[in-house]
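Here's the structure, in structure tokens; my notes come after.
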Amino acid sequence: MFSKPENAKMYWKELMKQCMDIGIGSLPIVLIISVFLGAVMTVQTAYQLVADFIPKTTIAVIVRDSMMLELSPTVISLVLAGVVGSKIASELGNMRISEQIDALEIMGINTRSYLIAPKIMASMLTVPLLISLSIFVALLGGRFTAQATGIMDVFTFDEGLRSGFNGFNVWVAMIKAIVFAYIFSSVPAYFGYNVRGGALEIGRSSTLAVVVSCILILLADYVVTLIMLNAG
Amino acid sequence: MITVKNLYKSFGEKTVLQDVSTEFEEGKCNLIIGSSGSGKTVFLKCLVGLFTPEQGEIFYDDLSFTTLTTPERKALRQDIGMLFQGSALFDSMTVEQNVKFPLDMFTKLSNAEKLKRVNETLDRVNLKDANHKFPSEISGGMMKRVALARAIVLNPKYLFCDEPNSGLDPQTSMVIDKLIKDITTEFNITTVINTHDMNSVMEIGDNILYMYQGHPEWRGSSNDIIFSDNEKLNKFIFASEFLQDAKEMRMIEARKNK
Chain A
9 MFSKPENAKM YWKELMKQCM DIGIGSLPIV LIISVFLGAV MTVQTAYQLV
59 ADFIPKTTIA VIVRDSMMLE LSPTVISLVL AGVVGSKIAS ELGNMRISEQ
109 IDALEIMGIN TRSYLIAPKI MASMLTVPLL ISLSIFVALL GGRFTAQATG
159 IMDVFTFDEG LRSGFNGFNV WVAMIKAIVF AYIFSSVPAY FGYNVRGGAL
209 EIGRSSTLAV VVSCILILLA DYVVTLIMLN AG
Chain B
-10 MITVKNLYKS FGEKTVLQDV STEFEEGKCN LIIGSSGSGK TVFLKCLVGL
40 FTPEQGEIFY DDLSFTTLTT PERKALRQDI GMLFQGSALF DSMTVEQNVK
90 FPLDMFTKLS NAEKLKRVNE TLDRVNLKDA NHKFPSEISG GMMKRVALAR
140 AIVLNPKYLF CDEPNSGLDP QTSMVIDKLI KDITTEFNIT TVINTHDMNS
190 VMEIGDNILY MYQGHPEWRG SSNDIIFSDN EKLNKFIFAS EFLQDAKEMR
240 MIEARKNK
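Protein sequences, first through last, are from chains A and B.
With the first sequence counted from 1, adding 8 to any position gets you the numbering used here.
To convert, note that position 63 of the second sequence is 52 in the numbering used here; the numbers rise steadily by one, no gaps.
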């Protein structure tokens, strides 16, 4: 897939375009989901931790670590597998069916390098940033909900966020983000690029790409968690 | 000139091309005709390298296309232009961006020079004031002209057209045919056209290759086709009564002129 570009400037332009599409394009849905994830997580944790001897700050600690270690990377990646993955598969599938990929091949362009590599690289670059933002926004959502529902005040929540913070968890979140981004960009790219037939097949390959990506993300989630948390 | 020697191509058990040998002349419109499933499209795709033949050789002038290394093939591809059946325009780009794309990718011209070249090429295919339109906003005939402009913007030595008239009305088909013919002569391009359109055969067919079940069945020009006694060819070309009448009229005219 990776070969010397015919024109590095054009490849760079394509990479930036994909970063905009995948990164900026996914921002609204990531922010909306993250706010609600943080809010719901705070309410549910407070509901389950009813014992008086458990300090309220523990709720914030649980919300923080859950968001960082599991919810933000996995839930957001599963959503992006649907949003970005189906877009990649249908875009490449449409280009294949309408002979646009053949047109590029005939011009002497390595279509795998030009069409697929920028999508994978853009995903691997922007998704860790999206996940970081998601964690931050989820904690803001949790903080606001804690205050608004009377679970605790924001100062207690902030105290909980600061207590026992382990920087290694950020690494876990980032590694997961990169691995999941690779999965939900490369799998749909494979299905889209190799589609044969007509419009019906584009739909089928797009659906299949999302399903396979989701399963692989969950599998990778288990493997990465097992390796990193045991190592950490 | 493109020379093909003993080309074979199969898909699984099915042999699509069998022992195809032919020559496509420079500065001429070389037509490949044949009924559906006769192997025309596979042959064209083998010629441009989208399919790899099992046996045989393809020469672009003195270069053996089948034995070229990847970088050599890439270099040769810049001398090749192709007009696809469905135009294959990049639908996320405007007309101008579509035509400019090969220049962006393969030349070091300044942006102003590229735009000048794009406008010259769009003028050449009689397309003005459409620069900023998207493919979805223009007609089928205009799409073909944009695709033709994109195919010739790098001044190719070889031009391939896969059913350039499909989906077009007879008048627009004639415009496209004339454009291809004029460009071929003007730039001395080796043009290979895969077509079903009998009007194209009669109007621009300098050299015609009739394919039957994956094998070249007949060769000649549009004049020869009138007098051909090849049964399979006659059945294919002059399928309707109207076309048979047209053939007879042409024969009478040709005899008068002699």
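In this text, a Cβ means the ideal position worked out from N, Cα and C, and glycines have one as well.
Every value quoted in this text rests on a predicted model; they were computed, and no experiment measured them.
Contact list for the segment 12 to 35 of chain A against chain B, Cβ threshold 7 angstroms | Here the close residues are Glu14, Asn15 and Met18.
Comparing alpha-carbon positions, which option in B:Met187, B:Asp158, B:Ile193 and B:Gly156 lies nearest B:Ile172?
-> As a first step, residue 172 of chain B must be located in the second sequence, where it is residue number 183. Residue B:Ile193 is the option with its Cα nearest to B:Ile172.
Going along chain B in order, which residues have a C-beta closer than 7 angstroms to the C-beta of A:Glu113?
-> To locate residue 113 of chain A, count along the first sequence from 1; it is residue 105. Those are Leu39, listed as they occur along chain B.
Could you check which residue in B:Cys150, B:Gly70 and B:Tyr199 has the C-alpha nearest to that of B:Leu222?
-> Position 233 of the second sequence, counted from the first residue, corresponds to residue 222 of chain B. Of the candidates B:Cys150, B:Gly70 and B:Tyr199, the one whose C-alpha sits nearest the C-alpha of B:Leu222 is B:Tyr199.
Considering only residues of the same chain and omitting the five flanking positions on each side of B:Asn212, which have a CB-CB separation below 6 angstroms?
-> Position 223 of the second sequence holds residue 212 of chain B. Excluding sequence neighbours, B:Asn212 sits near nothing in its chain.
If contact means a Cβ-Cβ distance below 7 angstroms, which residues of the segment 112 to 143 of chain A contact chain B?
-> Of all residues in the segment 112 to 143 of chain A, Glu113, Ile114, Met115, Gly116 and Ile117 have a Cβ within less than 7 angstroms of some Cβ in chain B.
Return yes when the Cβ of B:Ile178 is within less than 8 angstroms of the Cβ of B:Ile197, no when it is not.
-> Counting from one through the second sequence, the residue named residue 197 of chain B turns up at place 208. Counting from one through the second sequence, the residue named residue 178 of chain B turns up at place 189. Going by C-beta atoms, B:Ile197 is not nearer than 8 angstroms to B:Ile178.
Where does B:Glu2 fall in DSSP's three states?
-> For this step, residue 2 of chain B is matched to residue 13 along the second sequence. Looking at B:Glu2 - three-state DSSP - the assignment turns out to be coil, as it is neither helix nor strand.
Whole angstroms is fine: what's the gap from A:Ala146's alpha carbon to A:Leu77's?
-> Reading the first sequence from its first residue, position 138 is the one you call residue 146 of chain A. Reading the first sequence from its first residue, position 69 is the one you call residue 77 of chain A. For A:Ala146 and A:Leu77, the distance between alpha carbons rounds to 13 angstroms.
Where B:Ala77 meets chain A, residues with beta-carbon distance less than 8 angstroms = As a position in the second sequence, residue 77 of chain B is number 88, starting the count at 1. What B:Ala77 touches in chain A: Ser106, Glu107, Gln108, Asp110 and Ala111.
B:Glu46 versus B:Val164 - alpha carbon distance = On the second sequence, position 57 is the one that residue 46 of chain B refers to. On the second sequence, position 175 is the one that residue 164 of chain B refers to. Distance between the alpha carbons of B:Glu46 and B:Val164 is about 34 angstroms.
Assuming A:Ile143 and A:Ser80 make a contact with CB atoms under 8 angstroms, what is their CB distance in whole Å?
-> For the purposes of this step, residue 143 of chain A is taken as the residue at position 135 of the first sequence. For the purposes of this step, residue 80 of chain A is taken as the residue at position 72 of the first sequence. That belief holds up - the Cβ atoms of A:Ile143 and A:Ser80 are roughly 5 angstroms apart, short of 8 angstroms.
Can you tell me the Cα-Cα spacing of A:Val232 and A:Lys184, whole angstroms?
-> Taking the first sequence and counting its residues from 1, the one referred to as residue 232 of chain A is at position 224. Taking the first sequence and counting its residues from 1, the one referred to as residue 184 of chain A is at position 176. The C-alpha of A:Lys184 is placed about 7 angstroms away from the C-alpha of A:Val232.
Taking B:Asp50 as the query, report the chain A residues whose CB atoms sit under 8 angstroms from its CB, ordered along the chain.
-> Here residue 50 of chain B corresponds to residue number 61 of the second sequence, with the count starting at 1. The contacting residues do not exist; B:Asp50 stays about 17 angstroms from chain A at best.
On a CA-only basis, which of B:Pro91, B:Phe79 and B:Asn87 is nearest B:Asp68? Give me that one, please.
-> Your numbering for residue 68 of chain B matches position 79 in the second sequence. Here the closest residue by C-alpha is B:Pro91.
Across which residues does DSSP place B:Tyr199 in a beta bridge pair?
-> Your numbering for residue 199 of chain B matches position 210 in the second sequence. Per the DSSP secondary-structure output, B:Tyr199 pairs in a beta bridge with B:Ile22 and B:Trp207.
Quick one: grab the DSSP three-state call for B:Val(-7).
-> Translated into positions along the second sequence, residue -7 of chain B becomes position 4. Here B:Val(-7) carries a strand assignment [DSSP, helix/strand/coil].
May I ask you to report which of helix, strand or coil DSSP gives B:Gln44?
-> Counted from its first residue, the second sequence places residue 44 of chain B at position 55. In the structure shown, B:Gln44 sits in a strand (DSSP, three-state: E or B).
B:Thr174 and B:Leu20 closer than 8 angstroms at C-beta = If you number the second sequence from 1, residue 174 of chain B lands on position 185. If you number the second sequence from 1, residue 20 of chain B lands on position 31. Taking 8 angstroms as the cut-off, the beta carbon of B:Thr174 is found no closer than this to the beta carbon of B:Leu20.
Could you tell me whether the segment 196 to 207 of chain A touches the segment 97 to 105 of chain A, using the rule of 3 or more Cβ pairs below 8 angstroms?
-> Yes: the two stretches touch, three or more of their Cβ pairs being nearer than 8 angstroms.
Between the CA atoms of B:Phe225 and B:Glu237 - distance to the nearest angstrom | Taking the first residue of the second sequence as 1, we reach residue 237 of chain B at position 248. Taking the first residue of the second sequence as 1, we reach residue 225 of chain B at position 236. The alpha-carbon atoms of B:Glu237 and B:Phe225 are separated by roughly 16 angstroms.
Any residues in the segment 58 to 69 of chain B with a beta carbon nearer than 7 angstroms to a beta carbon of chain A? Which ones, in chain order?
-> Going along the segment 58 to 69 of chain B in chain order, one finds Lys63, Arg66, Gln67 and Ile69 with a Cβ nearer than 7 angstroms to chain A.
Spatial neighbours of B:Glu43 in its chain, beta-carbon cut-off 8 angstroms, leaving aside the 5 residues before and after = Locating residue 43 of chain B in the second sequence gives position 54, counting from the first residue. A distance below 8 angstroms between beta-carbons, with the five flanking residues on each side excluded, links B:Glu43 to the following residues of its chain, in chain order: Tyr(-3), Lys(-2) and Ser(-1).
Report all residues from its chain with a CB closer than 7 angstroms to the CB of A:Ser11; omit the five preceding and five following residues, and keep chain order.
-> Against the first sequence, residue 11 of chain A aligns to sequence position 3. Cβ neighbours of A:Ser11 beyond the five flanking positions: Asn118 and Ser121.
Can you give the beta carbon distance from A:Ile225 to A:Thr82, rounded, assuming they're within the 8 angstroms contact cut?
-> In the first sequence, the residue the question calls residue 225 of chain A occupies position 217. In the first sequence, the residue the question calls residue 82 of chain A occupies position 74. Right, the Cβ-Cβ distance comes to about 7 angstroms (below 8 angstroms), so this counts as a contact.
Please classify B:Gly70: does DSSP put it in a helix, a strand, or coil?
-> Residue 70 of chain B sits at position 81 when you count from the first residue of the second sequence. In the structure shown, B:Gly70 adopts extended strand secondary structure according to DSSP, grouped into three states.
What residues of chain A sit near B:Phe95, judged by a beta carbon separation below 8 angstroms?
-> Taking the second sequence and counting its residues from 1, the one referred to as residue 95 of chain B is at position 106. Residues of chain A passing the Cβ test: Glu14, Asn15, Met115 and Gly116.
Secondary structure of B:Asn108, DSSP reduced to three states | Here residue 108 of chain B refers to the residue found at position 119 of the second sequence. DSSP places B:Asn108 in helix when its eight states are reduced to three.
Identify whether B:Thr96 lies in helix, strand or coil by the three-state DSSP scheme.
-> As a first step, residue 96 of chain B is located in the second sequence; it is residue number 107 there, counting from the start. Looking at B:Thr96 - three-state DSSP - the assignment turns out to be coil, as it is neither helix nor strand.
Is the shortest distance between the beta-carbon of B:Phe123 and the beta-carbons of chain A less than 8 angstroms?
-> The residue given as residue 123 of chain B occupies position 134 in the second sequence. Residue contact check for B:Phe123 against chain A: no CB pair falls below 8 angstroms.
Could you check which residue in B:Val5, B:Leu143 and B:Glu152 has the C-alpha nearest to that of B:Lys97?
-> Start at 1 with the first residue of the second sequence, and residue 97 of chain B comes out as number 108. Ranking the options by Cα distance to B:Lys97, first place goes to B:Leu143.
Can you check whether the CB of B:Val107 is closer than 8 angstroms to the CB of B:Glu85?
-> Within the second sequence, residue 85 of chain B is the residue found at index 96, counting from 1. Within the second sequence, residue 107 of chain B is the residue found at index 118, counting from 1. Taking 8 angstroms as the Cβ cut-off, B:Glu85 and B:Val107 qualify as a contacting pair.
Is the beta carbon of B:Ala138 sitting closer than 8 angstroms to the one on B:Leu104?
-> The residue given as residue 138 of chain B occupies position 149 in the second sequence. The residue given as residue 104 of chain B occupies position 115 in the second sequence. Not a contact, by the Cβ cut-off of 8 angstroms.
Where do the ends of the beta strand (DSSP E) carrying A:Ile186 lie?
-> Translated into positions along the first sequence, residue 186 of chain A becomes position 178. Per DSSP, A:Ile186 belongs to no beta strand (DSSP E); it is in the alpha helix (DSSP H), Phe176 to Tyr201.
Neighbour flag for B:Met132 against chain A, beta carbons, 8 angstroms = Residue numbering aside, residue 132 of chain B sits at position 143 when the second sequence is read from its first letter. No, no contact with chain A.
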